[in-house]
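Structure first, commentary second.
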Amino acid sequence: METEGSHNVVVEATPRFAPEHSDPKQGRWIFIYRIRIENQSEGPVRVLVRHWEIVDADGDKNIIDDEGVVGCQPRLDPGETFEYESFCALPTEWGTMEGHYMAEDRYGQPMQVQIPRMHLHP
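Under this note's numbering, the first residue of the sequence shown carries the number 26, and numbering increases by one thereafter.
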């Protein structure tokens, strides 16, 4: 598990290899990751956008920018957490994944919340 904190919002990221969904002979390694976002600030925070940088063992980088997380833009009141699980497919046996969320505070001010680097490997 890796942990990163920005603006009193803490993100924990825990990856695991999913051999049951992978097919190494076809160059497909699947990694499932669990994200936990905790609002330790004094006001509500809404997660609006996610940005991922995924790098495989060959150094090829894939950038993903999309709205929200798992189909929603969660609002977290002080002390609340939001957890979700998703996956990443790599064409190589290992790689890394990191990024940030763009969120807004109770005043609508934007904030960037770092997502810690995850080391993806069987």
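All residues carry an ideal CB built from backbone N, CA and C; glycine is no exception.
Computed from a predicted model, the values in this text were never measured in an experiment.
With a contact defined as Cβ atoms closer than 8 angstroms, Arg61 and Thr106 qualify at about 6 angstroms. Assignment of Gln139 by DSSP, reduced to helix, strand and coil, places it in the strand class.
If you check the CB distance, Val74 and Met127 come in under 9 angstroms. When rounded, the separation of the alpha-carbon atoms in Asp81 and Gln137 is 24 angstroms. For Asp91, the CB contacts under 8 angstroms within the same chain, skipping 5 residues up- and downstream, are Val74 and Arg75 in chain order. The beta carbons of Pro147 and Arg53 sit no closer together than 9 angstroms.
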